[in-house]
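J.: After the structure tokens below, expect a handful of questions from me.
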């Protein structure tokens, strides 16, 4: 009986609390409805505050609008301290998002305010704290706004949170946005910091580097402690056509791990590094079909007649992707009739079909289809 009485009392108390919350919510909605048609500035400001109280999205929108008022000439606000609640997690998020939309004088104004004493006190307080989520928001803002004075703090946080993938990701993003070459190189060479980031993530990070990307690749391709970083450099060299860095890529084709060798073969083809050609021909015999497919494309980039026999052999490969890449490379020929005669001599029906498909596709791309 005592237990039943306690349960009933608890249910009654919960009912009262829920009823109170419903009444408060109803009154707030009623007040918003009543004030909608009132033109008074004071009433509209109260309405805005009520909306922000109910909705986080409304609060974020208010902050964003006020930031635009501050950075644009003729706005009613002059500094960040005029924006209520800006020194908060939501404020950091809104500032970072807004910064990505700004440029020129407006961005410089926000940079100046964020790097000023008033807001700097808040950033320093968070950086000295233990809340990793808040610290990550600060680090992101530092990168987006290019607050160079906080570069040492970003490096410190990466070291302090070396087992946290989120901090490593945000920290490296910030350093790349800051163009902090010296710090990036030091971190990437440090064997005590194991990279927790995937190859794709590293590609995205390095793609936003604001410094001399070629110089960064030259420094890290042979010295980075993490193979994913070296692979990122290899791939970047090919995509950016850094032809004079081919001699740094070639050793990775000869001695690297299979995935590194594949990236190196692709890059050496993209930059047409002549010294790599004999090694690519040898790699056409690799037991891994992924390597043979990439080699076919790489040899095609050189457009050498002497590679015809090797490419036709790859056209007869048992793997579909190898045949496809070889056909793509061979389709660059100027004498299609002679090429098809050579392919027909292989008596490989699948090779012939693939070659005809590649030639038809090449014609379509050139706009020469009948």
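Residue numbers (this note's numbering): 13 to 382. Built from N, CA and C at the ideal position, the CB exists for glycine as well.
1) Quick check: the Cα distance between residue 325 and residue 294, rounded to an integer number of angstroms?
2) Please work out which residues of its chain come closer than 6 Å, Cβ to Cβ, to residue 358, disregarding the five sequence neighbours upstream and downstream, and give them in chain order.
3) Can you say whether residue 207 is buried or exposed, counting buried as having 16 or more other CB atoms within 10 angstroms of its CB?
4) Check whether the region 183-201 and the region 252-259 are in contact - that is, three or more C-beta pairs closer than 8 Å.
5) Do residue 188 and residue 218 come within 8 Å of each other at the CB atom, strictly closer than that value?
6) Which runs of the alpha helix (DSSP H) spanning at least 4 residues fall entirely within the region 153-220, listed in chain order?
7) Under 6 Å Cβ to Cβ from residue 235, same chain only, skipping five residues before and after it: list those, please.
8) Pull up the distance between the alpha-carbon of residue 363 and that of residue 242, whole angstroms please.
9) Return helix, strand or coil for residue 83, following the three-state DSSP convention.
10) Using C-beta distances below 8 Å, list every residue in its chain close to residue 370, excluding the 5 sequence neighbours before and after it, in chain order.
11) Can you tell me the Cβ-Cβ gap for residue 185 and residue 155, rounded? I've got them flagged as a contact below 8 Å.
12) Leaving out the 5 sequence neighbours to the left and right, which residues in its chain are closer than 7 Å to residue 269 when beta-carbon positions are compared?
13) What is the DSSP secondary structure of residue 236, counted as helix, strand or coil?
14) How would you call residue 330, buried or exposed, if buried means at least 16 neighbouring beta carbons within 10 angstroms?
15) Quick check on DSSP: helix, strand or coil for residue 142?
16) The alpha helix (DSSP H) that contains residue 336, what's its start and end?
17) Are residue 116 and residue 159 close, meaning C-beta to C-beta below 8 Å?
18) Return yes when the Cβ of residue 181 is within less than 8 Å of the Cβ of residue 213, no when it is not.
T.: Quick look at the numbers:
1) Rounded to the nearest angstrom, the two C-alpha atoms are 13 Å apart.
2) Counting only Cβ-Cβ distances below 6 Å, and skipping sequence neighbours, we find 328.
3) Result: buried.
4) Because the criterion of three Cβ pairs below 8 Å is not met, the region 183-201 and the region 252-259 do not touch.
5) With respect to residue 188, residue 218 sits close: the two C-beta atoms are nearer than 8 Å.
6) As far as the region 153-220 is concerned, its whole alpha helix (DSSP H) runs of at least 4 residues are 163-172, 177-190, 193-201, 211-219.
7) Its chain contains 201 as the residues whose beta carbon lies nearer than 6 Å to that of residue 235, once the 5 sequence neighbours on both sides are disregarded; these appear in chain order.
8) Taking the straight line from one Cα to the other gives about 36 Å.
9) In this structure, residue 83 counts as helix in the three-state DSSP scheme.
10) Shown here for residue 370: same chain residues with a beta carbon closer than 8 Å to its own, the five before and five after excluded, namely 336, 339, 340, 342, 343 in chain order.
11) Between residue 185 and residue 155 the beta-carbon gap is near 6 Å, inside 8 Å, which marks them as a contact.
12) Hits under 7 Å: 239.
13) Reduced to three states, the DSSP call for residue 236 is coil.
14) Exposed: under 16 other Cβ atoms inside 10 Å.
15) Note: residue 142 maps to coil in three-state DSSP.
16) First-last of the alpha helix (DSSP H) with residue 336: 332-342.
17) Going by C-beta atoms, residue 116 is not nearer than 8 Å to residue 159.
18) Contact: yes.
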